[in-house]
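FYI, our numbering numbers position 393 of the sequence shown as 411, with every residue one higher than the one before it.
Backbone N, C-alpha and C fix where the C-beta goes; we use that ideal spot for every residue, glycine too.
A quick write-up on the structure given underneath.
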Amino acid sequence: MGYNLAQKIIKAHLVSGEMIPGAEIGLRIDQTLTQDATGTMAYLQLEAMNIDRVKTELSVAYIDHNTLQNGFENADDHRFIQTVAQKRGIRFSRPGNGICHQVHLERFGVPGKTLLGSDSHTPTGGGIGMLAMGAGGLDVAVAMGGGTYYIPMPKIVKVELTGKLSPWVAAKDIILELLRIMTVKGGVGKIVEYTGEGVKTLSVPERATITNMGAELGATTSIFPSDETTLAFLKAQDRADAYTELKADDDAEYDEYIAIDLSKLVPLAAMPHMPDKVKPVTEIGPIHIDQVCIGSCTNSSLLDMMKVAAILKGKTVAENVSLTISPGSKQVLTMLSQNGALADMIAAGARILESACGPCIGMGQSPNSKGISLRTFNRNFEGRSGTADAGVYLVSPEVAAASAVKGCLTDPRTLGDFPAIMLPDKFLINDNMVLLPDAPDKAKDREVIYGPNIKSVPLGHALEKEISTKVLLKVGDNITTDHIMPAGAKILPYRSNVPYLSQFCFGVCDKAFPERCKKEGSGIVVGGANYGQGSSREHAALVPLYLGIRAVVAKSFARMHKANLTNSGILPLTFANEADYDRIDEGDAITLLNVHDAILNGGDIMLKDITKGIEITLNADLSDRARHIILAGGLLNYTAQN
Ligand code: MIC
Ligand code: SF4
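As structure tokens, then:
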């Protein structure tokens, strides 16, 4: 039996375990990336591990999230990350150089290599055939130190693309269609591998849009083969030497199969407040809109921007719409400014933002009250835009630009002929905004500079025999990390200050939660299915840890969040019988009986609900390694002990 592409790369990097779906495997990591919203924590943890120089082939620290500096905090964090990077052998992508995933694809990604990033959209690298995964900052710090990265061996889903996209239908519509089919929890524990004749019709930026937003399926990662199109892209980036041809064997087997005929797709949109609430634009109709935001790591390539510029050329943004455009990288922005496309955007009335995440993470540009915002981004979770009652629709750049001009949600096929855009044979190469690390002899004298807002990382404590506490919150299905630990311009500057952050924990669901935690001292959270989907931010575990949360009992977990809970020493437990979710309520006094023994030796955990006088069986679906991490009270304690 042959191997599929994901299995081939896993096999080549396998340090431990067997490639049996669900079983834990350990992987060697070739490259890492961090961004600044997760980076401060990751580097605080790297510093705590006392590692002199990183051991990866390449590690890059990007500044792209916390770029509004309306206080000293973000600038201090940038300086902290820069000094650690220079001292420890990490390249530093300065603010202004672009969004981590876009820049990494352009300048650093290598087909066939493993990439671990402290950001959930790291799978963008799958667009050039990398095995690129998101993880919490601590896991990335461990990988920088040369440590193995552990995941459950994913199932591999074959997505066969046939046919060719019609004019005005975009790569974004392919991933929206897959979200419609698979839902936001359909990819958990899986890698999505693209095959078929349709692959050849897609350029690298289009493939990267698809692998990027595969994160919203909950997938471990997504991957395209590395072929002539990949070579052409790398050549144009002056990196032909990075190329290797990579594809699945002809007789490769897969765990699941999905077929998509590209020629049948139409412009789609994901409606508020979930990326899988997908409908055709024509079915939603010409709804009134207030804002259009174009950019983010999903849709900010030169190709996307050129399409947008062509649609805007000679027109004016409708009077009811505010249009923002954030080109994904300095390379993209410079090329747009040299070829005149930027002038077309500005002339049409677009508000040009810096090459950064910007509105995608609520770093400015929150919509008006009850505003409707069309965004080319990947997430439309409730409140993420910074306006609690706004409705965000996720669309392609074509739909976004057409709608900005018309003033309502618009099917771009009504615009007439499709502007033919070709990728250039040569991109403009200038890596002057990527700082190289200090040489080892010089690095010794480099001082790491901490700002006053940088506080220490909270530590878990060793697991007791049993835990008697209270249910402090009960939430439903698909709770995102944006619910647990919101982002946005007002809160993000405190990513390195867990005590301050804690007052916003679960703010979207229940503003009284932090106070309740303080009053009770400890507690557990009860959740539904796919708890913790979305971002890689370990703050969604570290902040509850700080507030005294000892366990989360849910129907199921998203992969990265489960790992982050384990790493911080919070027990991720599931109901043996999902119907028991309905039997337990907020405020119930509970005891987790014999929990230490059950974690040490395997077996079920009994939750005694004292208020209700009932017992509920829970499972701890954890690898041996994860069990020992929990017993030690988190990965930092575990590492110190071993
Ligand atoms: C996001 O898109 O939610 C983020 C901000 O990029 C996060 C990382 C973070 O919270 O810092 C992610 O996707 O992992
Ligand atoms: Fe940045 Fe948005 Fe991409 Fe996250 S999803 S990395 S916030 S652009």
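Query	Result
Taking three-plus beta-carbon pairs below 8 Å as touching, is the stretch 446-455 in contact with the stretch 102-122?	yes
Round the Cβ separation of HIS119 and CYS315 to the nearest angstrom and send it over; I've been treating them as touching at under 8 Å.	4 Å
Whose C-alpha, out of ILE199, ALA365, LEU563, GLY525, is nearest the C-alpha of GLY539?	LEU563
Say the cut is 8 Å; is the CB of GLN659 nearer than that to a heavy atom of ligand 2?	no
Considering only C-alpha positions, which residue in the set MET324, ASP245, SER384 is nearest to LEU360?	MET324
Could you tell me if the beta carbon of ARG393 falls within a distance shorter than 8 Å of some heavy atom in ligand 1?	no
Checking the sheet assignment: what are the DSSP bridge partners for GLU482?	For GLU482, which the question treats as bridged, DSSP gives no partner whatsoever.
Starting from GLN49, trace the beta strand (DSSP E) both ways and give me its first and last residue.	49-52
Select from ALA576, VAL475, VAL543, ALA507 the residue whose C-alpha is nearest the C-alpha of MET59.	VAL475
Taking 9 Å as the threshold (C-beta atoms), are GLY144 and THR56 in contact?	no
Quick one, which of THR609, ILE608, ARG555 has its alpha-carbon nearest LEU583's?	ARG555
Can you tell me whether ILE467 is buried or exposed? The criterion is at least 16 other CB atoms within 10 Å of its CB, across all chains shown.	exposed
Note the first and the last residue of the continuous beta strand (DSSP E) segment covering TYR168.	167-170
Any residues whose CB sits closer than 5 Å to a heavy atom of ligand 1? List them in chain order?	ALA55, THR56, ASP137, SER138, ILE379, SER553, SER554, ARG555
Check whether the Cβ of ASP256 sits closer than 8 Å to any heavy atom of ligand 2, and report yes or no.	no
Between the stretch 391-400 and the stretch 267-286, are three or more C-beta pairs nearer than 8 Å?	no
Verify the contact flag: VAL339, CB atom, against every heavy atom of ligand 3, threshold strictly below 8 Å.	With respect to small molecules bound, the structure shown includes ligand 1 and ligand 2 and not ligand 3.
Pull up the distance between the alpha-carbon of GLY494 and that of ASP259, whole angstroms please.	49 Å
Determine contact between the stretch 223-239 and the stretch 274-285, defined as no fewer than three beta-carbon pairs at a distance below 8 Å.	no
Just reading off the alpha helix (DSSP H) that ASN92 is part of, what are its end residues?	90-106
Verify the contact flag: CYS315, CB atom, against every heavy atom of ligand 2, threshold strictly below 8 Å.	yes
With H, G and I counted as helix, E and B as strand and the rest as coil, what does DSSP make of PHE531?	helix
In the DSSP assignment, the beta strand (DSSP E) including PHE593 goes from what residue to what residue?	589-593
Can you tell me whether GLU596 is buried or exposed? The criterion is at least 16 other CB atoms within 10 Å of its CB, across all chains shown.	exposed
Select from GLU224, THR428, ALA569 the residue whose C-alpha is nearest the C-alpha of LEU491.	ALA569
Under 8 Å from any heavy atom of ligand 2, does the C-beta of ARG397 make it?	yes
Have a look at PRO437, GLN49, ASN612 and flag the residue whose alpha-carbon is nearest the alpha-carbon of LYS131.	GLN49
Out of LEU197, ASP443, LEU392, state which residue places its alpha-carbon closest to the alpha-carbon of ASP294.	LEU197
Could you tell me which residues DSSP puts in a beta bridge with ARG369?	THR342
Verify the contact flag: CYS311, CB atom, against every heavy atom of ligand 2, threshold strictly below 8 Å.	no
According to the neighbour-count rule (16 or more other Cβ atoms, all chains shown, within 10 Å of its Cβ), is ASN317 buried or exposed?	buried
In the DSSP assignment, the beta strand (DSSP E) including ILE542 goes from what residue to what residue?	541-544
When burial is assigned at 16 or more other CB atoms within 10 Å of the CB, is HIS479 buried or exposed?	exposed
Could you give the residue range of the beta strand (DSSP E) that holds GLY135?	132-135
Any contact between the stretch 430-439 and the stretch 181-199? By contact I mean 3 or more CB pairs, one from each, below 8 Å.	yes
Are the beta-carbon atoms of GLU178 and GLY216 separated by less than 9 Å?	yes
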